[in-house]
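The block underneath contains the structure these notes are about, expressed in C-alpha cells.
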Amino acid sequence: MASRRFCLGGFADRTERHGICMKIKRVMVAAPKSGSGKTTVVCALLQMLKKEGLQVVSCKCGPDYIDPMFHEKAIQVPSKNLDTFFTGEEGTRELFSSHVEHKDAAVLEGVMGLYDGLGGIREEGSSYHLAEVTGTPIVLVVDAKGMGNSLLPLVAGFLAYDKSRLIKGVVLNRVSKGYYETIKPLLEQEFHIKVAGFLPERAEYQIGSRHLGLVLPDELEDIQKKLRAASEEVSKTVSLGAIMEIAGSAGELEASKTDSFGAAAERAVIAVARDEAFCFYYADNIRLLEAYGAKISYFSPLRDEKLPEGCHALLIGGGYPELYAKELSGNSGIRAAVRQAAASGMPIVAECGGFMYLHSALTDKEGARYEMAGVLPGTCFYTGKLVRFGYIQLQEKKGNFLPEGEFIKGHEFHYYDSTGNGADVTAIKPAASREYPCVVEHGDCWMGFPHLYYPSNPAFAQAFVAKAEKYKEKMGRAGGAAPVGFMPGRSERNQEGHSHRFFENRACKYFPCHQGLERFNCLFCYCPLYPREACLGTPAFKEKDGKQLKICTGCTFPHQPENYDAVIKALQGKPANG
Numbered sequence: 030m031a032s033r034r035f036c037l038g039g040f041a042d043r044t045e046r047h048g049i050c051m052k053i054k055r056v057m058v059a060a061p062k063s064g065s066g067k068t069t070v071v072c073a074l075l076q077m078l079k080k081e082g083l084q085v086v087s088c089k090c091g092p093d094y095i096d097p098m099f100h101e102k103a104i105q106v107p108s109k110n111l112d113t114f115f116t117g118e119e120g121t122r123e124l125f126s127s128h129v130e131h132k133d134a135a136v137l138e139g140v141m142g143l144y145d146g147l148g149g150i151r152e153e154g155s156s157y158h159l160a161e162v163t164g165t166p167i168v169l170v171v172d173a174k175g176m177g178n179s180l181l182p183l184v185a186g187f188l189a190y191d192k193s194r195l196i197k198g199v200v201l202n203r204v205s206k207g208y209y210e211t212i213k214p215l216l217e218q219e220f221h222i223k224v225a226g227f228l229p230e231r232a233e234y235q236i237g238s239r240h241l242g243l244v245l246p247d248e249l250e251d252i253q254k255k256l257r258a259a260s261e262e263v264s265k266t267v268s269l270g271a272i273m274e275i276a277g278s279a280g281e282l283e284a285s286k287t288d289s290f291g292a293a294a295e296r297a298v299i300a301v302a303r304d305e306a307f308c309f310y311y312a313d314n315i316r317l318l319e320a321y322g323a324k325i326s327y328f329s330p331l332r333d334e335k336l337p338e339g340c341h342a343l344l345i346g347g348g349y350p351e352l353y354a355k356e357l358s359g360n361s362g363i364r365a366a367v368r369q370a371a372a373s374g375m376p377i378v379a380e381c382g383g384f385m386y387l388h389s390a391l392t393d394k395e396g397a398r399y400e401m402a403g404v405l406p407g408t409c410f411y412t413g414k415l416v417r418f419g420y421i422q423l424q425e426k427k428g429n430f431l432p433e434g435e436f437i438k439g440h441e442f443h444y445y446d447s448t449g450n451g452a453d454v455t456a457i458k459p460a461a462s463r464e465y466p467c468v469v470e471h472g473d474c475w476m477g478f479p480h481l482y483y484p485s486n487p488a489f490a491q492a493f494v495a496k497a498e499k500y501k502e503k504m505g506r507a508g509g510a511a512p513v514g515f516m517p518g519r520s521e522r523n524q525e526g527h528s529h530r531f532f533e534n535r536a537c538k539y540f541p542c543h544q545g546l547e548r549f550n551c552l553f554c555y556c557p558l559y560p561r562e563a564c565l566g567t568p569a570f571k572e573k574d575g576k577q578l579k580i581c582t583g584c585t586f587p588h589q590p591e592n593y594d595a596v597i598k599a600l601q602g603k604p605a606n607g
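Residue numbers (my numbering): 30 to 607.
Put into C-alpha cells, the structure is as follows:
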C-alpha cells in the first residue's frame, strides 16, 4: 500500500499545511478530584447550550472512553478525546481546532484532579496542561458536602497553583441553597472569581460507577430522563450567563491545519466488534483506519452468529466482556467464526476486553468459568485489584505492526489478568522508569491488555490496513484462505499458507460437527497414528445424529509440517467421509 501523509487534522495524498487562528467560546469543567460531579455539570451545560440554539461540541481530557459516551447522549454529537501525552502540544491543538471549527462553543471535561497528569505527578496529560495548550478558561466543580469555611483554603490552594491564571469560576456540588448563599460572597470577596452556581444533592441525576469508572449510558434506566433532570436542575441553580461570560474570555485559538485533497479508496473490510460487551473505541482510531483505506463493518459478538460477510480483518476493542461472559460463551457460532478466522491467517487486533475474549476461557469474580473464542490458550481471571494502570509506551521487539524498536502510546486499566499475557512487546511506564513484557504478536495478529491510541504512531493503523489488504489478495488468489496452525508456542513449526488443508475438511460428511471444540482439526479423521499407541491426542466423544464421534482435542501431530507428506501418502485413495 502506498504511504500517505498523515496529519492530525487530515489524511491525504496531497496536503497543504498552514497556521490558523479562530475565536471560539470555550470552557473547561475541572475538579479537585474524581467523583466531584464534572460529568453531570458538563452534560447539563451541553444540553442548555444546545437548547439556546448554539452549535456546541464537547471534548474529554485523557484516555477515558465512557465520559464521551455521556456527552454524545446529551447532545447527539460525537465527543473527542484530547490528551497531551498521546499527541503532544501542537498535535493536541490541531485535533482540538479541527473539532471545534465552525462551531459556536466548546465544553471540555477534565480528568481526575485538575493538576493530576502523567503518573499523577507530572503536568503532561493533566487537565490543566490541556487548558494551557488550548487557551481554555477553567470552571472548578468542588464537591463541598460536609464542608464549611474549609472550602476557602481548598480553593485558595488551587488558585495559588494556577500559574497561567486560567481558573475563572467555581461551581459547588452537593450543597444546600442556604450554605451556597452564605459561602458565595465570601469566595467572591476573597478570591475575585465568579461563583457561578451550585447543585443540590439529588438522586434523580446521579450517575453510578464501577471499577472502570462510570457505568455505561445505555446501562442506566432511562438515561435521557436523568440527563434532562440534571439539565433542568442546573438551569435553575447555575448561571449559564456567568459560564458563557467565562467561555467568552478565551483568546484566539492558534493551531496548524492541514487541508486535504483526495481520499483513499476503500481497499479492505475491517470487522469491528461493537456492542455492550465491546464498546471502548477512540473515534480517531476508527477515523484513521478509514483514512488509510479500510471500510468499517460492525458486528456483535453477543448477538451475531457470524462475522460480516467479506471481512478481511478483525478489531475487537475493550469493554466489559466479564459482565456478559455467559452470553458470549453461549454464542458458539460467532466464537467458532472468530476461531476459524484466526486459523485462516486473518489479521486481528484485540485490546483488553477483546484480548480476554480470544482466550480459551474466562473466570468471573464469582469463580464461574465460561468458554471464550479459543484463539489463545489459557484463561483470564478476576484479581480483585487493579493489575496494571496508567499510561504506557509500547515498543516492538520484532518488526510487525511497527518496525523493530518503534513505539506507540496507550494505557492500561484492568482488574482481570491472564495466564498468558505474551511477551512480544515491551511496555514502558514513562513516569516510573519501569517496563514489563506484554502482548501476543502472532503472524498478523496483535493481542494484549493495552488500549492503543493510533494517532500517536499512525504507522500502526497503516500496517493494520495493509495486512487486511494482503489477506484480501490472498483470499482472492486462493478462492479462500488455507487454514494455518495458530496456537502460540507452535508458531515456529507452522508454515503459513501451506497447501495441505487438513484443518477444515469441508468434504467430510460430518463437517462442521467438530467446530467449537478446543484445538479442533479434521486430520484426526485420517491420521494413521490415531488408532495406534503413537497417538499423542486426548480422545473425547461427541454425539452427532445418534452416533458417538471420536474427537481429538489435544493433537500435536498436525502441527508438524515435516510430517505432512507422510500423512498424505498414507491417505492416498482414502475417501473423505470421516
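Even for Gly, the Cβ is constructed at its ideal location relative to N, Cα and C.
- The DSSP assignment places complete alpha helix (DSSP H) segments of no fewer than 4 residues inside the region 97 to 154 at 113 to 129, in order along the chain.
- Across the structure, MET401 and ALA495 are spaced so that their CA atoms are roughly 28 Å apart.
- By the neighbour-count definition (other C-beta atoms within 10 Å, threshold 16), CYS308 is a buried residue.
- Counting only the Cα atoms, ILE457 lies some 27 Å from PHE125.
- Here VAL204 is not near VAL224, since their CB atoms are 8 Å or more apart.
- When the five nearest sequence neighbours on each side are left out, the beta carbons in the same chain lying within less than 7 Å of the beta carbon of SER193 are those of GLU161, in order along the chain.
- From the listed residues GLU502, ILE167, ILE212, the smallest Cα separation to LEU180 is found for ILE212.
- Residue range 85 to 90 is occupied by the beta strand (DSSP E) that includes VAL86.
- Following the DSSP letters along the chain, one finds HIS443 inside the beta strand (DSSP E) bounded by residues 436 to 443.
- Here SER389 is near PRO406, since their CB atoms are less than 8 Å apart.
- Counting only runs of at least 3 residues, the region 156 to 244 fully encloses the following beta strand (DSSP E) elements, listed from N- to C-terminal order: 167 to 172, 196 to 202, 223 to 228.
- Judged by DSSP secondary structure, SER326 falls within the beta strand (DSSP E) whose first and last residues are 323 to 328.
- Annotation for ALA103: CYS72, LEU75, GLN76, LEU256 place their beta carbon closer than 7 Å to its own, counting only its chain and skipping 5 residues before and after.
- Counting every other CB atom within 10 Å of its CB across the protein chains shown gives PRO432 a total below 16, marking it as exposed.
- DSSP places ALA379 inside the beta strand (DSSP E), whose first and last residues are 377 to 380.
- A distance below 8 Å separates the beta carbons of MET57 and ILE167.
- As DSSP reads the structure, MET51 sits in a beta bridge with LEU282.
- Taking 8 Å as the upper bound for CB-CB distance, PHE220 and ALA185 are in contact here, some 7 Å apart.
- DSSP, read as helix, strand or coil, puts LYS503 in helix.
- When rounded, the separation of the alpha-carbon atoms in MET385 and ILE272 is 44 Å.
- For THR412, there is no enclosing beta strand (DSSP E), as DSSP marks it with neither H nor E.
- Between the C-alpha atoms of PRO350 and HIS128 there is a straight-line separation of about 31 Å.
- In the three-state DSSP reduction, GLY64 falls in the coil class, being neither helix nor strand.
- Three or more pairs of CB atoms, one per stretch, sit closer than 8 Å, so the region 357 to 375 contacts the region 329 to 341.
- Per the C-alpha coordinates, the member of VAL298, GLY347, TYR483 positioned closest to TYR327 is VAL298.
- With respect to the C-alpha of PRO214, the residue from PRO229, PHE187, ASN178 having the closest C-alpha is ASN178.
- The alpha-carbon of CYS88 is positioned some 36 Å away from that of LYS501.
- Setting aside the 5 residues that flank it on each side, TYR190 is surrounded in the same chain by TYR144, each with a C-beta closer than 7 Å to its C-beta; the list follows chain order.
- Taking 8 Å as the cut-off, the Cβ atoms of PRO479 and VAL468 count as close.
- Using a Cβ-Cβ distance cut-off of 8 Å, the region 258 to 274 and the region 302 to 316 are not in contact, since fewer than three pairs of beta carbons, one from each stretch, lie closer than that value.
- Cβ-Cβ separation between ASP313 and TYR209: approximately 39 Å, too far for a contact (criterion under 8 Å).
- Exclusion of the five residues before and after GLU283 leaves CYS50 as the residues of its chain whose Cβ lies within less than 6 Å of its Cβ.
- Rounded to whole angstroms, ARG463 and PHE410 show a C-alpha spacing of 24 Å.
- Take GLU217, set aside five residues on each side of it, and the residues of its chain with a beta-carbon closer than 8 Å to its own are LYS223, VAL224, in chain order.
- Short of 7 Å from the beta carbon of GLU319, and not among the five residues preceding or following it, lie these beta carbons of its own chain, in chain order: ILE325.
- Between the C-alpha atoms of ARG332 and ILE95 there is a straight-line separation of about 22 Å.
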